[in-house]
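Remarks on the structure that follows.
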Amino acid sequence: MSSEWINVARVGEIENNDCQLFDLDDEDIAIYNLDGEYFAIEDRCTHDGGDLAGGWVEDGCAVCPRHGARFDIRTGKVMAPPAYEDIHAFPVRVDQDMIQIQDDRE
Ligand code: FES
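So, in structure tokens, the structure goes:
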């Protein structure tokens with residue numbers, strides 16, 4: 371766990387209701403823009419490892435392109451099966467024009 375803030379994207383680089391991937395120690399983190407607010411979640415569906423960034427955004431949820439599980443982009447909470455486990459949502463802040471996340475996992 372680290373309290374350091376990591377630059378992951380520049381403000382303006384990510385379209386509304388879209389995301390951009392960031393490689394954090396060989397793991398993809400998806401950085402989403404929801405109406406000008408930024409959120410970061412692990413890009414790995416807890417059902418069977420689907421790539422959420424390859425899916426789409428609906429009602430603030432990332433929809434897995436493989437079997438349709440949904441995760442709340444703001445919290446990482448699972449909202450629809452066939453996934454039942456939440457994914458990790460990282461703390462995010464904007465510092466000047468940089469979007470930053472903190473890796474607060476154990
Ligand atoms: S891998 Fe995501 S719903 Fe199955």
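Quick note: the sequence shown uses the numbering used here, first residue 371, plus one each step. Where is the CB? At the ideal position from N, CA and C, for every residue including glycine.
Inter-residue spacing [alpha-carbon to alpha-carbon] between residue i and residue j
i, j, result
"A379", "I399", "11 Å"
"G446", "P461", "11 Å"
"W426", "I443", "11 Å"
"D388", "I411", "13 Å"
"Q470", "H437", "30 Å"
"M468", "N377", "6 Å"
"I384", "L394", "18 Å"
"D456", "E476", "15 Å"
Extent of the continuous beta strand (DSSP E) to which residue i belongs
i, result
"I469", "468-472"
"V448", "448-450"
"I399", "397-404"
"N377", "375-380"
"C389", "388-394"
"C415", "Careful: C415 lies outside any beta strand (DSSP E) and carries neither H nor E."
Buried versus exposed call for residue i [16 or more other C-beta atoms within 10 Å across all chains shown]
i, result
"N403", "buried"
"V464", "exposed"
"Q466", "exposed"
"R414", "buried"
"G420", "buried"
"Y454", "exposed"
Beta-carbon proximity check, residue i vs residue j, cutoff 8 Å
i, j, result
"T416", "V448", "yes"
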